[in-house]
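*Asks:*
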Amino acid sequence: MINRPFLTLIQREIWRFIGLYKQTLVPSIISSGLYIVVFGETLGSRIGVIKEIKYIHYIIPGLVAMNAINNAYQNSSSSLMQAKFLKFIDDLLITPLNGLELSIGYMIGGILRGFLNGMLVIGFGWFFADLSITNMPLTMVNLILISWAFSALGVIVGIWGQSWDHIAIFSNFIFLPLTFLGGVFYSIDMLPEYLRNISMINPLYWMINGMRFSMLGVYDSSPYLSVFISSVFVILFSGLATLMFSKGYKIKQ
Numbered sequence: 001m002i003n004r005p006f007l008t009l010i011q012r013e014i015w016r017f018i019g020l021y022k023q024t025l026v027p028s029i030i031s032s033g034l035y036i037v038v039f040g041e042t043l044g045s046r047i048g049v050i051k052e053i054k055y056i057h058y059i060i061p062g063l064v065a066m067n068a069i070n071n072a073y074q075n076s077s078s079s080l081m082q083a084k085f086l087k088f089i090d091d092l093l094i095t096p097l098n099g100l101e102l103s104i105g106y107m108i109g110g111i112l113r114g115f116l117n118g119m120l121v122i123g124f125g126w127f128f129a130d131l132s133i134t135n136m137p138l139t140m141v142n143l144i145l146i147s148w149a150f151s152a153l154g155v156i157v158g159i160w161g162q163s164w165d166h167i168a169i170f171s172n173f174i175f176l177p178l179t180f181l182g183g184v185f186y187s188i189d190m191l192p193e194y195l196r197n198i199s200m201i202n203p204l205y206w207m208i209n210g211m212r213f214s215m216l217g218v219y220d221s222s223p224y225l226s227v228f229i230s231s232v233f234v235i236l237f238s239g240l241a242t243l244m245f246s247k248g249y250k251i252k253q
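Quick note on numbering: the sequence shown equals residues 1 to 253 in our numbering.
#1: Thinking phenylalanine 150 and alanine 72 are a contact (beta carbons under 8 Å), I'd like their distance in whole angstroms, please.
#2: Report the residue from Lys247, Ile89, Gln162, Leu204 whose alpha carbon sits nearest the alpha carbon of serine 231.
#3: Based on the DSSP secondary-structure assignment, which residues constitute the bridge partners of isoleucine 53?
#4: Identify which residue in Tyr35, Ile29, Lys51 has its Cα closest to the Cα of glycine 217.
#5: Thinking C-alpha only, which one of Tyr224, Leu225, Gly114, Phe128 is nearest glutamine 256?
#6: May I ask which residues mark the beginning and end of the alpha helix (DSSP H) holding lysine 22?
#7: Anyone know if the C-beta pair for glutamate 13 and serine 103 falls short of 9 Å?
#8: Please classify serine 199 as buried or exposed, where buried requires at least 16 neighbouring CB atoms within 10 angstroms.
#9: Report the CB separation of isoleucine 159 from isoleucine 251 in whole angstroms; it is logged as a contact under 8 Å.
#10: Would you report the Cα separation of methionine 66 and glycine 210, rounded to the nearest angstrom?
#11: Could you give the first and the last residue of the continuous alpha helix (DSSP H) run that contains glycine 40?
#12: If I follow the unbroken alpha helix (DSSP H) through serine 147, where does it start and stop?
#13: I need the DSSP call for methionine 200, collapsed to helix, strand or coil.
#14: Using the rule of at least 16 other Cβ atoms within 10 Å of the residue's Cβ for burial, across every protein chain shown, is arginine 4 buried or exposed?
#15: Is lysine 87 helix, strand or coil by DSSP?
#16: Who are the Cβ neighbours of phenylalanine 170 in its own chain at under 6 Å, not counting the five residues just before and after it?
#17: Name the residue from Gly248, Thr24, Phe245 whose alpha carbon lies nearest to the alpha carbon of isoleucine 111.
#18: If I measure Cβ to Cβ from leucine 63 and keep anything under 6 Å in the same chain, skipping five residues before and after, which residues do I get?
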């Protein structure tokens with residue numbers, strides 16, 4: 001039997017960002033293009049290669065992960081914050097949808113947005129930087145896991161947050177520094193040992209490492225551990241998001 005309320009929620013979340021593609025999809029191409037030109041071309045001409053990979057190609061997997069993280073998180077968190085701000089979250093809570101269905105419905109929109117933005121960056125790299133992918137199926141798996149984890153985190157923050165500032169705090173003060181310190185523009189093998197050890201505590205490093213292996217075939221740490229860590233965060237964040245919806249945490253009056 002088709003669960004129409006569930007499908008309606010998914011459809012709304014998908015069309016919500018597709019209808020605003022100039023804000024949700026186009027900026028990824030522009031920002032990634034600037035990173036590739038500024039860092040890939042200018043610094044790349046001086047750095048040359050890392051692990052026998054052209055520098056302009058080396059940074060693209062990190063840009064793919066970075067765009068997937070930001071867009072997946074922004075989609076689900078902003079959608080929930082808007083629902084709370086406009087008070088129609090109450091209408092959702094009286095539908096026959098349970099906590100699992102509500103969390104999945106919101107997560108799917110973020111997963112798809114993160115995935116599409118990541119694929120757009122890959123397409124840009126292929127078209128303008130002559131990028132070739134080593135393992136496309138594994139690349140897509142990594143991209144889905146990253147998008148899923150941060151879409152689920154977006155649901156958590158969207159439920160917990162009481163203002164738009166709470167959403168921005170995670171983006172600006174947590175994701176941004178962790179992404180740049182996660183090896184987007186460099187290999188951690190270039191760092192002193194104590195900084196390498198610190199970097200390996202960063203979960204975003206493992207996600208970027210897994211993406212780089214699947215796209216380019218090079219890695220700093222075990223790519224299988226990268227997939228495992230991404231999967232763990234998917235399970236943890238998805239479970240917590242479902243629990244918060246089920247309990248009505250900060251959304252049931």
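We treat Cβ as the ideally placed atom computed from N, Cα and C, and that holds for glycine. Bear in mind that the values here come from a model prediction, so they are computed numbers and not experimental data.
*Replies:* With the given structure in hand:
#1: 4 Å
#2: Leu204
#3: Ile50
#4: Lys51
#5: Since the first residue of the chain shown is 1 and the last is 253, residue 256 is not available in this structure.
#6: 21 to 24
#7: no
#8: buried
#9: 6 Å
#10: 13 Å
#11: Segment: none, glycine 40 is in no alpha helix (DSSP H) and carries neither H nor E.
#12: 136 to 160
#13: coil
#14: exposed
#15: coil
#16: Val157
#17: Thr24
#18: Ser32, Tyr35, Val121
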